[in-house]
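The numbers in the UniProt record's numbering rise by one with no breaks, and the one at position 281 of the sequence shown is 281.
Structure first, then comments.
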Amino acid sequence: MTVTNLPAAGIAPAAGTTPEAPRRRGRPVGSGPANATRAWTPWIFLAPALLWLAVFSIWPSFNTVRMAFTNAKPLGGNEQYVGFRNFELILSDDQVMNALLNSVVFMLVCLPLLTILPLLIAVLVEKKLPGIAFFRTAFYTPVIASAVVVALIWTFMLDDRGLVNGLAQAMSIIQEPLPFLTDRWLIILSAVSLTVWKGLGFYMIIYLAALGNVSRDLHEAAAMDGAGAVRRFFSVTLPAVRGAMFLIAVLVCIAALRVFSEVFIMTGGTGGAGGEAMTMVMLIQQYARGFSGDLGYASALSILMFIVTLVPMLVLAKINSRRSE
Numbered sequence: 001m002t003v004t005n006l007p008a009a010g011i012a013p014a015a016g017t018t019p020e021a022p023r024r025r026g027r028p029v030g031s032g033p034a035n036a037t038r039a040w041t042p043w044i045f046l047a048p049a050l051l052w053l054a055v056f057s058i059w060p061s062f063n064t065v066r067m068a069f070t071n072a073k074p075l076g077g078n079e080q081y082v083g084f085r086n087f088e089l090i091l092s093d094d095q096v097m098n099a100l101l102n103s104v105v106f107m108l109v110c111l112p113l114l115t116i117l118p119l120l121i122a123v124l125v126e127k128k129l130p131g132i133a134f135f136r137t138a139f140y141t142p143v144i145a146s147a148v149v150v151a152l153i154w155t156f157m158l159d160d161r162g163l164v165n166g167l168a169q170a171m172s173i174i175q176e177p178l179p180f181l182t183d184r185w186l187i188i189l190s191a192v193s194l195t196v197w198k199g200l201g202f203y204m205i206i207y208l209a210a211l212g213n214v215s216r217d218l219h220e221a222a223a224m225d226g227a228g229a230v231r232r233f234f235s236v237t238l239p240a241v242r243g244a245m246f247l248i249a250v251l252v253c254i255a256a257l258r259v260f261s262e263v264f265i266m267t268g269g270t271g272g273a274g275g276e277a278m279t280m281v282m283l284i285q286q287y288a289r290g291f292s293g294d295l296g297y298a299s300a301l302s303i304l305m306f307i308v309t310l311v312p313m314l315v316l317a318k319i320n321s322r323r324s325e
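Shown next as structure tokens:
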């Protein structure tokens with residue numbers, strides 16, 4: 001027989017012990033209609049964004065992959081599975097290969113310019129010099145301007161009778177107008193200049209955010225060790241903004257390979273003088289094929305563009321991971 005020792009009446013429990021409260025029977029903690037509603041609340045607020053993502057991003061992506069293997073037309077009709085025929089036509093199409101070359105050249109020129117120039121400007125802007133706020137605003141203003149409007153302005157400036165050729169001829173720098181809008185490489189150079197001018201402020205802001213996290217103590221310690229401004233830039237500033245530089249390089253690659261409005265407006269949508277398509281880029285080629293009714297071919301071009309865009313990102317990620325080790 002077991003005997004339970006109970007404290008005598010009037011005797012307080014031993015010091016350091018608390019009498020256990022009787023347990024109440026009922027629902028488990030966290031259950032009930034109120035808690036169930038609270039659990040669903042985040043999903044209710046996310047539902048519109050998720051629905052938008054599913055309808056206008058996920059479903060079109062799956063449908064694009066499906067149509068790439070068919071002879072799909074805008075109005076439907078007798079859609080048939082054609083396998084890899086669209087991809088075979090792309091690889092044997094000289095215009096597509098030319099557009100791919102132009103897009104890659106455009107990216108290779110924009111990448112160093114939009115990776116290095118914004119960093120140098122951000123370093124100068126961060127110095128807090130008198131009147132520097134004006135230059136910060138001036139560099140960022142093109143970012144908020146409409147790409148179409150800016151491209152039209154540059155087209156007027158670079159025309160044979162435009163401001164650039166007019167000033168160059170007035171100063172006797174050139175005798176004949178330069179074909180900025182008809183020559184293959186000059187059009188690409190003009191589009192690069194426009195892209196750099198418009199994107200400089202955006203990437204400068206990213207660098208400024210990264211530079212704001214660099215400790216002043218590091219610069220002061222390097223200066224005390226006798227390091228000059230150039231040495232401090234390469235030994236302190238550059239390693240500190242490496243993450244931002246990688247991000248900017250990825251963004252530049254994506255934007256450069258997807259360039260459309262600049263070249264489209266400068267060439268009048270033809271890709272070159274007289275429709276020669278010598279300066280056509282991949283998105284213009286895709287646009288032309290899609291609006292001509294060959295949706296299967298245009299969808300295959302989209303997949304090719306995705307692969308081409310993925311390659312430089314993987315290369316940059318590999319380089320960044322090696323430097324981080």
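Ideal Cβ positions, reconstructed from N, Cα and C, are used throughout, including at glycine.
Item                                                                                                                                                                             : Value
Quick check: the stretch 246–260 against the stretch 106–118, are at least 3 beta-carbon pairs closer than 8 angstroms?                                                          : yes
Count the other C-beta atoms from every protein chain shown that fall within 10 angstroms of the C-beta of Met245, then say buried if there are 16 or more, exposed otherwise.   : buried
When burial is assigned at 16 or more other CB atoms within 10 Å of the CB, is Arg136 buried or exposed?                                                                         : buried
Taking only runs of the alpha helix (DSSP H) that begin and end inside the stretch 105–174, which ones reach a length of at least 4 residues, in chain order?                    : 132–144, 147–158, 163–170
Here's the rule I'm using: 16 or more other beta-carbon atoms within 10 Å means buried, otherwise exposed. How should Pro118 be labelled?                                        : buried
Can you give the beta carbon distance from Leu158 to Phe180, rounded, assuming they're within the 8 angstroms contact cut?                                                       : 4 angstroms
Are three or more beta carbon pairs between the stretch 220–232 and the stretch 78–86 nearer than 8 angstroms?                                                                   : no
Would you check if the distance between the CB atom of Leu100 and the CB atom of Trp154 is smaller than 7 angstroms?                                                             : no
Between the C-alpha atoms of Gln175 and Phe134, what's the straight-line distance to the nearest angstrom?                                                                       : 37 angstroms
Can you tell me which of the three DSSP states Thr70 falls into?                                                                                                                 : strand
Mind checking Val192: buried by the 16 CB within 10 Å criterion, or exposed?                                                                                                     : buried
State buried or exposed for Met313, treating a residue as buried only when at least 16 other CB atoms are found within 10 Å of its CB.                                           : exposed
Which same chain residues, not among the five before or five after Ser261, have their C-beta less than 8 angstroms away from its C-beta?                                         : Ala147, Val148, Ala151
Taking Ala145 as the reference, which of Asp217, Glu220, Lys198 has the closest Cα?                                                                                              : Lys198
Taking 7 angstroms as the threshold (C-beta atoms), are Ala300 and Gly290 in contact?                                                                                            : no
May I ask which residues mark the beginning and end of the alpha helix (DSSP H) holding Gly201?                                                                                  : 184–211
Identify the residues that DSSP records as bridge partners of Tyr287: which are they?                                                                                            : Paired residues: none, contrary to the question.
With a CB to CB cut of under 8 angstroms and the five nearest residues on each side skipped, what residues in its chain are close to Val259?                                     : Ser103, Phe106, Ala191, Thr195, Val281, Leu283
Note the first and the last residue of the continuous alpha helix (DSSP H) segment covering Val250.                                                                              : 242–257
Starting from the Cα of Ile90, find the closest Cα among Val315, Ile303, Arg322, Gly201 and give me that residue.                                                                : Ile303
Would you kindly report the start and end of the unbroken alpha helix (DSSP H) that includes Ile265?                                                                             : 261–266
Kindly indicate the opening and closing residues of the alpha helix (DSSP H) around Asp294.                                                                                      : That residue, Asp294, is in no alpha helix (DSSP H); it is neither H nor E in DSSP.
Along the alpha helix (DSSP H) that carries Ala227, what are the first and last residues, could you check?                                                                       : Ala227 -> no alpha helix (DSSP H), and no H or E assigned at all.
In terms of residues, what are the limits of the alpha helix (DSSP H) holding Glu88?                                                                                             : 85–91
Excluding the five sequence neighbours on either side, which residues of its own chain have a C-beta within less than 7 angstroms of the C-beta of Met67, listed in chain order? : Leu295, Gly296, Ser299
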